[in-house]
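What follows is one structure encoded as structure tokens, with my remarks underneath.
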Amino acid sequence: MKALLLLVLAACTRPGEGRALDELTVGHGEIEFAKVDVTEGLAVIRELSDGKLDLWSGAPVLDITFTTDAGDWTIIARNSLVDAVLTVDDTVVTRQPGDAPTTATFQVALTAGTHRLRVAPPDADTVAPFRYIAMADIQTALPIVDEVFTRINEVPNARFVAAMGDITERGELDEYDLFDRQLTVLQIPYYTTLGNHELWGGAQRFYDHYGRASFHFTFKGTAFTFADSGDAGIDPIVEEWLDGWLDEAKDQPHVFLTHIPPIDPVGLRYGAFRSYRDAHRLLEKLARGRVDLTLYGHIHTLVEFENAGIPAFVSGGGGAEPMKGDGIDRHFLVIDNDGPLQTVEVVRVD
Amino acid sequence: MRWSGLCLVASLLAARPAFGEGRRLNDLEPQPLPLRGCDHDDGLRYRKLTIPNECTPSVLRRTGAVAASLTVGFLVHGTGSYLVGEKRTAKRLALIEAIGLGGMLAGGGPIGISGGYPPTMTLTPVLLVGAGMFFSSWWADVGVAAGASRLGMARAAAPWSLELATLYLSDPYRQAGLGRIGGNVALGRVTLGASLMGDAENEIRTGELDARVRILGAAATGEVIDDGSRLIARAGLRGHQDDGDRVKLATGEVEVIGRLDLFHIDRALRGSFVQMSTGLGVERAYYTGDRDNTSLLLGTFGWGLYLSHHAEAQLFYDHRRESMVGGIAAGRAAGFVGSMNASLDWMLDRHWATHLEVNVGTAWLTTVGLRYRGGIPKLSTPAGDR
């Protein structure tokens, strides 16, 4: 029966196509008297109602086109950098005190018309070294991932977590709710793509909570590209986006993150893309696009290797059932980004 | 509810044994004693293979047996055989299933429990052979239920052959029409092969060299043979260049390929076979400014039928990911699973044969080939058998 089911599934050679199209709706919302468009869909609109815009940020910098009637608005940017401020048509609005570090709340009075809003830290466009965290594969360890977050909080000067997916075990709504609660422990934002386990419950749940799975942003001169490889491949639509992002960031330091490694460093294990031709094509694109670092999850261990001459890490230490025998349990990567030079340190939680 | 219905149908069929159904003989007449259930040894090499009416299950029973073998039979192999009266076959298929499950557990258990710890990967061939036994015995059961076995006999490969094929590749990124020319020549136990493949735009080019050593099995005479079982060691080299993907690949691989005609397992399975292979490969990929090597695990398992002595059909799984089609988008198992494939080789006359193949993975690949089989003696089978 299962084999028959697999055959039926095989009839669909583009399982990611629908997801890629669905992503395009992220960050766009409209009610009777207000319309919101987040550039590149880098935030998901959790609430748009009378006088309230509640966003979950998928990137350190949000550019928003906001058309509204005159009125007072509460704009909440969750999952923001701790020093993020809101700029409304070149006027800086400071955040309200009393919120969690990653929740930025702003009170603004807007005139009728279209406004350009930007949520970003003051140094977002300043090219300078910075530090971030990378991790993946939480899954069954969701109830105790706060322990990992507590360790991350102890890392000085880390600006955000860049994650390679598999937050949940089964993509259930209560798992997303639990993760939302666990994120209140983390004092820096968590930007993530999805993993194969998020697909168990349907990708829309992921989009509704954390926004796009394939996206691109630039922070302090370094480009970050996240790509949805949840079904062990990258859809041609996403690959087309990737072509543009690679071209755009050709002269910048560039970090590429996706859940499943294109080629498993232990080749015959096949914890990799389902087509090696697609994997090789992706790696060739990354090499031509002069990507400086590739970060993967999916395999619950830690491996440092190179693919297509690009330094690479598989880091699946978010707490999911760890690989036995290799002595590596929960861990995360601390990455000091200094232009094209990425210094990676492993922090073990267990 | 659906499963309950299927179980009920299976139970009703099982409660009324197939043997005897459709008998036309008067009950008072002496009954021919079946060898076992409905087994009849065709015995002679070129005799027409027929089954007496008194042992032929009705169409309804066959339909029910096929339905049961495809559903309940996935869990209990032999269900279909049992329902058409082949009880001994059913038991043997169930035994093969059990051994296959054991292999899957023995091979896949440590891999799964350890989360893919590299040293456990050495057990992958055990997993593949176990999966091969599991799925092949299931497919064989469906075949027995459908009455598809006993249809034909094996034919040895020709001493030499040339093939011209056209292929159509449909993958998520493009469609491409390709052509392939290839040939084989048997020199005693060694068969050498070579092929070239390219597309109309000359964007995709693949060349292959192949050497096979026949360890067991019939020589390449092109004749009908009693037993198509064989064991072959193979070494191959492949170069692949894809201008669209801007990727150049070189692959070297070694594998062992085995085929077993299933009449060795049970007479009711005469005319069908299982084929499995396993091996290792190394692939070198050339990128802009760099190159990577990666190891490959090769593995296939399949089940097939000889159709008369003119053709053979095969359904098989291929664990490769580096092929043109890659692995199927198998939902939660995507990435760990290879491709599903079906092939049909049909002889048009003594020398000319067609080859049809469909490969389904991330991409679909359809092959239609025309093969000339050379070096075959003038009279390979009695004229009356044509």
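If you read the protein sequences in the order shown, they are chains E and X.
Mapping the first sequence onto our numbering, position 85 (from 1) lands on 85, and the numbers just tick up by one.
Mapping the second sequence onto our numbering, position 69 (from 1) lands on 1069, and the numbers just tick up by one.
We put the beta carbon where it would ideally sit given N, CA and C, even for glycine.
Euclidean distance between Cα positions of residue i and residue j
i                : j                : result
L1307 of chain X : A1140 of chain X : 15 Å
V1247 of chain X : T225 of chain E  : 22 Å
G171 of chain E  : P261 of chain E  : 21 Å
V238 of chain E  : V1185 of chain X : 46 Å
P129 of chain E  : T222 of chain E  : 9 Å
R1155 of chain X : Q1175 of chain X : 35 Å
L110 of chain E  : L42 of chain E   : 22 Å
D146 of chain E  : P253 of chain E  : 31 Å
V1360 of chain X : G1132 of chain X : 18 Å
P1159 of chain X : E1208 of chain X : 20 Å
L1164 of chain X : I1181 of chain X : 5 Å
R1284 of chain X : P311 of chain E  : 18 Å
Under 8 Å by beta carbon: chain E residues contacting residue i
i                : result
A1334 of chain X : P15, N196, D231, A232, G233 and R274
E1322 of chain X : Y276 and R277
W1364 of chain X : T13
V1247 of chain X : R277, H280, R281 and E284
G1107 of chain X : None at all; the shortest Cβ gap to chain E is about 13 Å.
Chain X contact residues for residue i, given Cβ-Cβ distances below 8 Å
i               : result
G201 of chain E : Per Cβ cutoff of 8 Å: no residues; G201 of chain E is ~12 Å from chain X at best.
V266 of chain E : G1116, P1118, M1121 and S1295
P322 of chain E : G1115
I328 of chain E : Residues of chain X passing the Cβ test: none, with the nearest at roughly 10 Å.
is_contact[residue i, chain E] using C-beta, thresh 7 Å
i                : result
M1121 of chain X : yes
D1290 of chain X : yes
A1145 of chain X : no
Y1287 of chain X : yes
A1090 of chain X : no
G1239 of chain X : no
G1326 of chain X : yes
Neighbour-count burial assignment, residue i, 16 or more Cβ in a 10 Å radius
i                : result
F206 of chain E  : buried
R159 of chain E  : buried
A134 of chain E  : buried
H28 of chain E   : exposed
D197 of chain E  : Here the sequence assigns His to residue 197 of chain E, which means Asp is not the residue at that position. Counting Cβ neighbours within 10 Å, H197 of chain E comes out buried, since at least 16 surround it.
Y1168 of chain X : exposed
S375 of chain E  : Residue coverage of chain E in this structure runs from 1 to 350, which leaves residue 375 of chain E outside it and unanswerable.
V1368 of chain X : exposed
V266 of chain E  : buried
W241 of chain E  : buried
T294 of chain E  : buried
T1071 of chain X : buried
Chain X residues whose Cβ lies nearer than 7 Å to that of residue i
i               : result
G318 of chain E : Ordered by position in chain X, no residue passes the 7 Å Cβ test against G318 of chain E, which lies about 13 Å from the chain.
I299 of chain E : G1116
DSSP-derived helix/strand/coil call for residue i
i                : result
F149 of chain E  : helix
G1222 of chain X : coil
A34 of chain E   : strand
G1361 of chain X : coil
A162 of chain E  : strand
T1294 of chain X : strand
D1348 of chain X : In the sequence under discussion, the amino acid at residue 1348 of chain X is Leu, which differs from the Asp named in the question. In this structure, L1348 of chain X counts as coil in the three-state DSSP scheme.
G1207 of chain X : strand
I263 of chain E  : coil
P311 of chain E  : strand
I1181 of chain X : strand
A20 of chain E   : helix
T111 of chain E  : coil
Chain X contact for residue i (CB, 7 Å cutoff)
i               : result
E284 of chain E : yes
Y270 of chain E : yes
A312 of chain E : no
I260 of chain E : yes
A287 of chain E : yes
G58 of chain E  : no
G309 of chain E : yes
G325 of chain E : yes
I138 of chain E : no
I167 of chain E : no
I76 of chain E  : no
Within chain E, the residues that residue i reaches when beta carbons sit closer than 7 Å
i                : result
Y1173 of chain X : P236
T1124 of chain X : L268
The ligand ZN heavy atom lying under 6 Å from the CB of residue i
i                : result
V1224 of chain X : The model on display carries no ligand, and the ligand ZN is accordingly not part of it.
Within chain E, partners of residue i - CB distance below 9 Å
i                : result
G1361 of chain X : A10, T13, R274 and S275
G1182 of chain X : Neighbours of G1182 of chain X on chain E: none; closest Cβ ~21 Å, over 9 Å.
Partner residues on chain X for residue i, Cβ-Cβ distance less than 9 Å
i               : result
I133 of chain E : None at all; the shortest Cβ gap to chain X is about 23 Å.
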